[in-house]
Every structure is written in structure tokens, then in C-alpha cells.
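J.: Quick note: the sequence shown, position 61, residue 1243 per the working numbering, numbers continuous.
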Amino acid sequence: MSTSEGFPASFYGEPGVLGMLSNGISAFLVLLQNFNTAHTGIAPVGVENILAGVHLILIGGLCQLVAGLLSFRKYDHLSGTAFIGYAALWASYGATRIFFGACDGTRQMMEYASNDTSNTSCLATSEILMFINESAIAGLVPYILLSFLLAFCSATVNYIMPFVFGAITLTLVFEAVGLAAGPWALVVSGILETLILVFSIYGSAALLAKGLTQRLVLKGFGTPLFNVLLLKIPNSASAQSTGQEKKKNTKYAEPMALGFFCDTVASFIFAFYSFGWMKSFGLGATWVSIITVALLLSSYYSYLRQDCYHTTKFGLHAAYWLIKAWEEFVVSFLNVEDSTVMSGREAMVGNWFFVIAGLVLCVASLTTDVFELIHNILFVLLTVSTIPQIPVQGYYFFFGVALSLFTAVSLYGTFARLINTIAEKALIPVGSQPTSIDKLKSALTCKIELRERQAVSQTDQASDALFYLSNGLAALSALHTSSSSKNPAFLHLTLPWVLISGAIIQVYVSRLQVASGSRFGSVIPSVYAAVWATWSWFRFAFSGNLPQFSVEAAYGFTAGITALLVINVFLMVIAAYRNLVLLFLTAVMEVVLICFLLSTLQRLPYPLEVAMLALLSVICIYGALASLMNSTFSQQLLPLGPRLLREEVTKETAAELPCPVANSHLTSSLWTIAALLDEGGVCGIPTDTVYALAASCKNPHAIEKIYNIKDRPAEKPICICISNVEQLVDAKPPFSPLLWEFMRNVYPGGISCIVSKGDWLLRLGVGPAYDRVGTRDSIMIRVPDHTVTGHLCDITGPLAITSANPSGEPDSTHHDMVISRLGHKIQGVLSDGHSNEVVASTVVNCLKINEGTITIVREGCVPAVKVQQVFEKVKNCMM
1183 MSTSEGFPAS FYGEPGVLGM LSNGISAFLV LLQNFNTAHT GIAPVGVENI LAGVHLILIG
1243 GLCQLVAGLL SFRKYDHLSG TAFIGYAALW ASYGATRIFF GACDGTRQMM EYASNDTSNT
1303 SCLATSEILM FINESAIAGL VPYILLSFLL AFCSATVNYI MPFVFGAITL TLVFEAVGLA
1363 AGPWALVVSG ILETLILVFS IYGSAALLAK GLTQRLVLKG FGTPLFNVLL LKIPNSASAQ
1423 STGQEKKKNT KYAEPMALGF FCDTVASFIF AFYSFGWMKS FGLGATWVSI ITVALLLSSY
1483 YSYLRQDCYH TTKFGLHAAY WLIKAWEEFV VSFLNVEDST VMSGREAMVG NWFFVIAGLV
1543 LCVASLTTDV FELIHNILFV LLTVSTIPQI PVQGYYFFFG VALSLFTAVS LYGTFARLIN
1603 TIAEKALIPV GSQPTSIDKL KSALTCKIEL RERQAVSQTD QASDALFYLS NGLAALSALH
1663 TSSSSKNPAF LHLTLPWVLI SGAIIQVYVS RLQVASGSRF GSVIPSVYAA VWATWSWFRF
1723 AFSGNLPQFS VEAAYGFTAG ITALLVINVF LMVIAAYRNL VLLFLTAVME VVLICFLLST
1783 LQRLPYPLEV AMLALLSVIC IYGALASLMN STFSQQLLPL GPRLLREEVT KETAAELPCP
1843 VANSHLTSSL WTIAALLDEG GVCGIPTDTV YALAASCKNP HAIEKIYNIK DRPAEKPICI
1903 CISNVEQLVD AKPPFSPLLW EFMRNVYPGG ISCIVSKGDW LLRLGVGPAY DRVGTRDSIM
1963 IRVPDHTVTG HLCDITGPLA ITSANPSGEP DSTHHDMVIS RLGHKIQGVL SDGHSNEVVA
2023 STVVNCLKIN EGTITIVREG CVPAVKVQQV FEKVKNCMM
């Protein structure tokens, strides 16, 4: 086999080996304890439980988490969801074992200290063990339901994973029974765990052999138990198939099923507690916190897929579950009968922010499907059930009913999203789009002059909505600390709201904005995370929770807040380079910091602080809605305001650029870039859509460099770019008259056509790069409607191009984005200012055009409906 034939080898290994082994070893650890308990009749002692818990967290949790992350990068929907879900399960069960061990160790210490095994401490320990058992059962039941769904879905892919996941399902059933019934269930569970181990070892061996030999040596993978298409439901939402294909050509699998998986677990545990079947929420908070990490991962992979809606939705849900978990923990820890605690809950206003944020998600889901809208409406119902105006007596019942409905819909969503992503069709009905995009656009679009629209920065807004939501929630929750700073019971409930939303979630937002590639992207969320963390710590200490906290100690906070005041001035300057809404937010935050400073000096006018925090929340709600809708439609529908400051590139700045930058308005610049391409370089160039990386088809090694520069999976082909259709005519490809007519109607423009490969590519000038572009049998052709790119192709001949961004990240819409992201890896950039579009071209598969059909592989700047209209028009004219 030649080097060219071997180049498109698999970019990643087989993470399923690690995932299955992690499940098998974790099951083996549990079965050893189960068999020992059943044989001796003595439960494991404290140290044994703690060690088993640590091993479960490290092996079943962390190792399987790595397998899940790699599976998402390998575009494996099922394995990514299953391994990360089971990582949360084993980590949670490991934490349960540690709780058991710690409780048993405490009991032994008390018995040793008192030499009295019948005292009240033993009774208290038994009660704690009962609470742990209840919490473990509450956590295991949703995993049983979800494991059954995973077993069923995996049967549509292969016939090894269904046995592994099915054995896990039955094991969890008897583990839950064993916590309530006794040793006999542990024996059955141990037998099933043996099966998990056997199936996992065989599955790992089969995958390992497949990875080493690149073929199926052992049976089990590649052949499903039944065809997923058998689930086809008549008149299902076939219109959704185009929408689901929209994000297919990305580096990462779809994380929606994982998000619904996590929502199911968290809501079920809360429902179990709300209906009184679980008396304490200590261990429940641990289970919810662990599944929240998985929910943040689903938000993160949504971000990598440039999906602003799911990034925001799953990030907001993670904040909600985490806050509510620790709020319930505080309530159950302090004393649920304490009237001051319950009155503190009644006065909590942060719940209202979740209600408003839920309504924002409802508006955003109007662009998706009916199921998403229903799920968001139930989330709104969930948040309404916890607002302060509901009497405490009916709080848990209303909350429990809302949680039950939310759990059922989330469970259905897990199944529907998983099956539909595996089949890449809408087999399980999720409904059509609630309203047309045009109607929603017309309802949201503000009358802004075109000049003002162009003044708005086109930087990525996928994480901006979550940034606004986290700050708004922290601000509205901090309102409560302003009026109750002297009441420790109130603060115990309030601080999780401010600390989790303002600090923890905002650190996650900071990580997202680092990945966005925008200049100073993570500075503002990083600083504000420190602000809210400091706020929480000061309120907690100053309220009397720390007896050693003195007035002199408050002066240390005074110095720190003074420094933050100065830093925020620089943040206001950064915001002036972004948009007006962000500038308003930083300006109001400056006043909030002044209030914080006065608070450390005990000179705070509380009405001023309350007014500023409320104003900050209002700004954040608008910023979240605008960012979410603008990113969803890739247009500035709701104004964020113009940039007040603009960057000017001086000669000194240009000299410090990481690569040569040529001006597209100069003919000499085109020859400069053409020379770099001819020498085997890779350059960033403008197109009629977004910026692209280009390499000459005369230099195959330059095309290989593109894969390393972008971290692009080797199995994803690269298209070619030519200046006009006449170049194709001269190459004399064997295209049908229908294909020729279709191409003449769509070229030049923001459409890429996939056609059959052949010797005609050699006549076109592709030559040495024949095996480096396209697939073995097909090639995608671009003819940009861009004068500069056309002239460059006339000079160099056909170019191999792909979007100028790290693989999986947002497209580059300005030459500065190309320079900042990839300038240190490429040989030059042809600067042309802002791109004409904010999304890439629409990809059309024309391989079956002679049969009267085309397929929209990716919907880009040209709507799929318009492409179909052009095709129908051409086809009718040819008849």
C-alpha cells in the first residue's frame, strides 16, 4: 500500500477498550465484597469500604470518564453517552462506599471510647446507615432505567455491548434490592457482576484486536442485533432529519442524549427526596454533584459543536441542580424544622431568575422541535414550584410532582436523542419546529441600520449567554445577602447560590471563552468569578460564622476590593471593544464593587446595593437572550450595541504578527500569497463565506500539514477550490446534463457540491494531490463568489481548502481570528477584513443526482430549502 493510500487511517484508537475494562473491573470489586458479605454474614468494615470506594472512583469513574471523552472525539454517540454516564454511576457508588466506611469507622471509635455497644451513638449510627441506604436506592433506580435504555440502543450497533449494559442493568436492580432485603440479593448481584466482567473482557479483546489489525478478528462489533431502522414510526418528524444532519460534519459526537441522561438522574433523586422517601440529602447531594459534572461535559461538547442553545441549556441545568442540591443539604443539615431556615428559603429571590432563564430557553427552543419546547416548559414549571411565594407546607409536594414530570420527559429525551443520533434520522418522534424561522426572526429583529449591524463584533457568542446567566443569577441571589447579612441561617442558604453560579459556573464559562479564540475572552469571567467568591466568603465570615473574624480582618477585604475596583476599570475598557451591553454590565459592576467596599467599612447604604444588583440582573437577562438568539441565527437580531473602541493595526503591531499578512486589495499581495502556496506553505485566505486554510494541489505534503495545523481527523476529507465553472468544462468530467445545469445555477456561491472522482481531476490540475483530497470515490468542489479568491486560484491553480479554525471550534470571520488562532502554524494570511458570512458553505451531495435526488449534508449560509428550490427548478427545466 502506498503512503497516499494509508494516509486516511483512523485518527483515534478504540476508547471502548478502556471503557469496558473499567466497567468489568469495577463490577469485580463490588462482587468480591458481595460474595464475602454473603459467605461470612459480616459486612465490610470501614477501611474496606473506603478502599473499595476509592478504587471505584479511580477505575470506574476517572478511567471510564477518559474513555467517554475520547468516544465523543471519535464521533461515537452511544459510547460517549454510556461511558460518561457509567463514570458518574461508579463514582457515585464509590462515594456511597466511602460514606458507609466513614460511618462504620465513627461507630467503631465511639464503641472503643465508651466500651458500650448499646448506647445512643450506635442507634444514631444505625439511623445514618439507613439514610445512606435510602440515598443509594434513590440514585440506583434512575441508573437502572437508563442502563436498560442503553442496552436497548446498543443492540442497534453491535451484540457485545447489549450484554454488558444488560448485565449492568440487572446488577443495579439486585444491588438496590440488597440494600433493603439482605444478603441473598447480593449473591445474585455478584453472579451478574461476574457476567459483566466476562462480557467486558471479551468486548475489550475484540475491540483491541480490531484496533491492532484494522479488521474484525473477533465477532461482536460491526453487526447489530437488530436494524435501528425497524424503529421507524410512520409519519414521524421526517422534517427533522435535515436539522439533525446540520451539525454532523464536526469532530465531536452529539451530547444531547448525555444531557437528558443527567437531567433524568438528578431530577429522580430530588423527586425521591421531595416525596419523603429519603430523610437526609447528604449523600444525595454527592450523587447530584457528580452527575452535574457530566452535565457540564455535555454543555462543553455542545460548545465544541458550536451549539449555543444546548451549551446554555445544559450549563443552566447544571447550575440549577448543583445549587438546589446544596441548598437541600443545608436545610437537612441545619434542621428542617428551624423556622429561621424555612423563612430564609421563603425570602430567596434567586429562584425567580431561574424562572426567567427558563422562559428564555423556551423562546430559543422555538427553532428546534416540539419536544425541546415541552422539556423547557417543564423546566419552567420546575422552577416555578420553588418560588418564594409558595407556602412551605406545599413546597415539597409541588416540587415533587414537577420533578416527576420532568424525569419522565427527560427519560424519553435520552432514548429519542440517542436512537435518532445513532440512526442519523428522526426515528423516534420529537415533533416538528414549533414556528417558522422567518416568523421568529421577524418577531425578534429590531430595526437597526445596516451600518450599526456591521459595527457589532462578530466574535463567537456561544458561551456569552451562559456568562450573562451566571452573573445575573449571582447578582439576584446576592440581593438576599444584602438584607440578611446578620442572620447566619439565611446566609447558609444564600451562599451556595452566589458561590456556585458566580464562581464555579463562571470558571467553566471562562474555560469556554478561552476556547473561543477571541481576544481577552476569558479575562472578564475569570475576574468576576473571583469577585463573587470573595463576596461569598466575606458575607459568610462577617455574619458571625467565623468567631475569630474581627473588624481588623475586614480591612484585608477592603484592600482586595480596592484592587478589584481598579481591575474592573480595565475590564470596562475591554468591554468597550466588545459591545454596549457588556460595557453597561461592567459599569454597573463597578458600582456594586463600591458597595462591597463600603460594606467592608460598615458604611454600606443597602438600598443602593439592592438597586445595583437588581439592575445587573436585568442587564444579564437581556444579554443572555440577545446572545442566545444572535448565536442561534448567526445574525444580530437583538442589538448588543456597537463597539465604542476599535483596534488599529499599526506598523509596529504588524511587525509583531506571527506570520506574514498581505493586503487583499493589492495585486502584489496576491502574488506573495501565491508564491508561499507554490513553495508548499499553508495560508489563510478569504472566501465568500468564512476564512479558509489553503494549500496548493501541486504540494500534497502541504495538504497533510493542514490536518496537523487544525488537529483535523484524518478521516474527514478536504475539498478543492477553483475560480469558475469553465475550468471544469475544460477538464471534461463525465457529468450528466442535469448536474452541469445544477452547477451553473449554484456556482459561484456559498454551495459546495460533492461529485464523483475521476481522471478528469488530473486534467483540472489537481495532479499530485489526487489521493489527498476528497475520499476514494468522491470530491467536493467549491467555486467561491469572491473576486480575490478567484484571482488567487487563477494564479495557483486548484487549491485544497478547509475552514480556518481549530477543528471543532467556531469558524473564523475575520483575518485577526485566523492570525490569533493559527498564525504561529501557517505561512501567511491574506487579510480582507470581516467575512461576508458567519457560517461556512452549504454542502450538497450530488452523487445520485442522475436518480433525481440530492442530499443536504450540511446546511450553511445557503438555506437547505433554497437549494432544494433551485434543484427542483433545474430538474423541471431539463424535463
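Quick reminder that beta carbons are idealized off the backbone N, C-alpha and C, glycines included.
1. Would you mind working out which of L1564, M1438, E1196 and T1869 sits nearest T1395, comparing C-alpha positions?
2. T1871 bridges to which residues according to DSSP?
3. Is it buried or exposed for D1893, if we count other Cβ within 10 angstroms and need 16 for buried?
4. By how many angstroms is the C-alpha of Y1482 removed from the C-alpha of A1318?
5. Mind checking which residues open and close the alpha helix (DSSP H) that includes S1449?
6. Return the chain-ordered list of same chain residues with a C-beta closer than 8 Å to the C-beta of P1919, the five sequence neighbours on each side being excluded.
7. Helix, strand or coil: which one does DSSP assign to G2005?
8. I need the DSSP call for G1540, collapsed to helix, strand or coil.
9. Identify whether R1693 lies in helix, strand or coil by the three-state DSSP scheme.
10. Identify which residue in M1438, L1648, Y1455 and P1573 has its Cα closest to the Cα of F1597.
11. Beta-carbon within less than 6 Å of L1379's beta-carbon, same chain only, minus the 5 sequence neighbours each way: which residues are those?
12. Per DSSP, what kind of secondary structure is H1968 in: helix, strand or coil?
13. Under 8 Å between the Cβ atoms of A1128 and A1467?
14. Measure the beta-carbon distance from S1846 to V1970 and round it to whole angstroms, keeping in mind my assumption that it falls under 8 Å.
15. Starting from I1350, follow the alpha helix (DSSP H) in both directions and report where the run begins and ends.
16. What is the residue span of the alpha helix (DSSP H) that V1380 lies within?
17. Taking all protein chains shown into account, decide if D1959 is buried (16 or more other Cβ within 10 angstroms of its Cβ) or exposed.
18. Going by C-alpha to C-alpha distance, which of N1216, S1781 and V1399 sits closest to G1364?
19. Is A1220 near L1368, with beta carbons less than 8 Å apart?
20. When you compare only the Cα positions, how much space is there between I1326 and L1677?
21. Hey, how far is the Cα of S1659 from the Cα of V1680?
22. V2011: which of P1988, H1973 and I1855 sits nearest, CA to CA?
23. Excluding the 5 residues flanking N1417 on each side, which residues of the same chain have their C-beta closer than 8 Å to its C-beta?
24. Need the endpoints of the beta strand (DSSP E) that L1981 sits in, please.
25. Please state the DSSP three-state secondary structure of A1337.
26. Does the pairing of the region 1492–1504 with the region 1607–1625 give three or more beta-carbon distances under 8 Å?
27. Alpha carbon to alpha carbon, how far is T2024 from F1381? Give it in angstroms, no decimals.
28. Between Q1488 and A1284, what straight-line distance do the alpha-carbon atoms span, to the nearest angstrom?
29. For E2041 and S1934, I'd like the C-alpha separation in whole angstroms.
30. On the three-state DSSP scale, how would you describe V2039?
31. Where G1458 and N1315 are concerned, what is the direct C-alpha to C-alpha distance, given to the nearest angstrom?
32. Would you please state the rounded distance, in angstroms, between the beta carbons of P1691 and L1648? I believe it to be under 8 Å.
33. Between F1581 and S1456, which are expected to be in contact by the criterion C-beta below 8 Å, what is the C-beta distance as a whole number of angstroms?
34. Nearest by alpha-carbon distance to C1490: which of E1991, V2052, F2053 and I1749 is it?
35. Check whether the Cβ atoms of I1900 and V1955 sit closer than 8 Å, and answer yes or no.
36. Applying the criterion that 16 or more other CB atoms from any shown protein chain within 10 Å of the CB defines a buried residue, is V1355 buried or exposed?
T.: In short, the structure shows the following:
1. On the sequence shown, position 213 is the one that residue 1395 refers to. Out of L1564, M1438, E1196 and T1869, E1196 has the C-alpha closest to the C-alpha of T1395.
2. Locating residue 1871 in the sequence shown gives position 689, where the first residue counts as 1. For T1871, which the question treats as bridged, DSSP gives no partner whatsoever.
3. One-based indexing of the sequence shown puts residue 1893 at position 711. By the neighbour-count rule (16 or more Cβ atoms within 10 Å), D1893 is not buried but exposed.
4. One-based indexing of the sequence shown puts residue 1318 at position 136. One-based indexing of the sequence shown puts residue 1482 at position 300. Computed Cα separation, rounded: 28 Å.
5. As a first step, residue 1449 is located in the sequence shown; it is residue number 267 there, counting from the start. Segment M1438 to S1456, the alpha helix (DSSP H) holding S1449.
6. For the purposes of this step, residue 1919 is identified with residue 737 of the sequence shown, where counting begins at 1. Around P1919: M2060.
7. Taking the first residue of the sequence shown as 1, we reach residue 2005 at position 823. Three-state DSSP puts G2005 in coil, outside helix and strand.
8. Translated into positions along the sequence shown, residue 1540 becomes position 358. DSSP places G1540 in helix when its eight states are reduced to three.
9. On the sequence shown, position 511 is the one that residue 1693 refers to. Of the three classes helix, strand and coil, the one that applies to R1693 here is helix, per DSSP.
10. In the sequence shown, counting from the first residue as 1, residue 1597 sits at position 415. Ranking the options by Cα distance to F1597, first place goes to M1438.
11. Along the sequence shown, one-based indexing puts residue 1379 at 197. Excluding positions up to five away in sequence, the list reads G1206, A1209 and F1210.
12. On the sequence shown, residue 1968 is found 786 positions in, with the first residue counted as 1. In this structure, H1968 counts as coil in the three-state DSSP scheme.
13. This structure gives no information on residue 1128, because the portion of the chain shown stretches from 1183 to 2061.
14. Taking the first residue of the sequence shown as position 1, residue 1846 is located at position 664. Taking the first residue of the sequence shown as position 1, residue 1970 is located at position 788. 5 Å between Cβ atoms; contact.
15. Counting from 1 along the sequence shown, the entry for residue 1350 is found at position 168. Taken as a continuous stretch (DSSP letters only), the alpha helix (DSSP H) holding I1350 covers M1343 to A1362.
16. Taking the sequence shown and counting its residues from 1, one reaches residue 1380 at position 198. Looking at the DSSP string, the run of the alpha helix (DSSP H) that includes V1380 is P1365 to T1395.
17. To locate residue 1959, count along the sequence shown from 1; it is residue 777. The residue in question, D1959, is exposed, as its Cβ has fewer than 16 Cβ neighbours within 10 Å.
18. Here residue 1364 refers to the residue found at position 182 of the sequence shown. If we check each option's Cα against that of G1364, N1216 comes out closest.
19. Along the sequence shown, one-based indexing puts residue 1220 at 38. Along the sequence shown, one-based indexing puts residue 1368 at 186. Taking 8 Å as the Cβ cut-off, A1220 and L1368 qualify as a contacting pair.
20. The sequence position of residue 1326 within the sequence shown is 144, counting from 1. The sequence position of residue 1677 within the sequence shown is 495, counting from 1. In a straight line, the C-alpha of I1326 is about 34 Å away from that of L1677.
21. On the sequence shown, residue 1659 is found 477 positions in, with the first residue counted as 1. On the sequence shown, residue 1680 is found 498 positions in, with the first residue counted as 1. About 6 Å.
22. Here residue 2011 is taken as the residue at index 829 of the sequence shown, counted from 1. Looking at the Cα atoms, I1855 is the closest of the given residues.
23. Taking the first residue of the sequence shown as position 1, residue 1417 is located at position 235. Confidence in N1417 is poor, its pLDDT being 42 and thus under 50, which makes the residue's placement unreliable; the coordinate value appears in the next sentence. There are no such residues.
24. One-based indexing of the sequence shown puts residue 1981 at position 799. Counting along the chain, the beta strand (DSSP E) containing L1981 begins and ends at L1981 to S1985.
25. Start at 1 with the first residue of the sequence shown, and residue 1337 comes out as number 155. In the structure shown, A1337 sits in coil (DSSP, three-state: anything other than H, G, I, E or B).
26. no
27. Translated into the one-based positions of the sequence shown, residue 1381 becomes position 199. Translated into the one-based positions of the sequence shown, residue 2024 becomes position 842. Taking the straight line joining both Cα atoms gives about 44 Å.
28. Walking along the sequence shown from the start, residue 1488 turns up at place 306. Walking along the sequence shown from the start, residue 1284 turns up at place 102. Cα-Cα distance, rounded: 44 Å.
29. For the purposes of this step, residue 2041 is taken as residue 859 along the sequence shown, with counting starting at 1. For the purposes of this step, residue 1934 is taken as residue 752 along the sequence shown, with counting starting at 1. Looking at the two C-alpha atoms, the distance is approximately 11 Å.
30. If you number the sequence shown from 1, residue 2039 lands on position 857. V2039: strand per DSSP, three-state reduction.
31. Taking the first residue of the sequence shown as 1, we reach residue 1458 at position 276. Taking the first residue of the sequence shown as 1, we reach residue 1315 at position 133. When rounded, the distance between both Cα atoms is 14 Å.
32. The residue labelled residue 1691 in the question sits at position 509 within the sequence shown. The residue labelled residue 1648 in the question sits at position 466 within the sequence shown. In the sequence as displayed, the identity of residue 1691 is Val instead of Pro. Between L1648 and V1691 the Cβ distance is about 5 Å, and since that is below 8 Å, they are a contact.
33. As a position in the sequence shown, residue 1581 is number 399, starting the count at 1. As a position in the sequence shown, residue 1456 is number 274, starting the count at 1. The Cβ separation is near 5 Å, so the contact holds.
34. The residue given as residue 1490 occupies position 308 in the sequence shown. When only C-alpha atoms are compared, the closest one is E1991.
35. For the purposes of this step, residue 1900 is taken as residue 718 along the sequence shown, with counting starting at 1. For the purposes of this step, residue 1955 is taken as residue 773 along the sequence shown, with counting starting at 1. A contact, by the Cβ cut-off of 8 Å.
36. Walking along the sequence shown from the start, residue 1355 turns up at place 173. The residue in question, V1355, is buried, as its Cβ has 16 or more Cβ neighbours within 10 Å.
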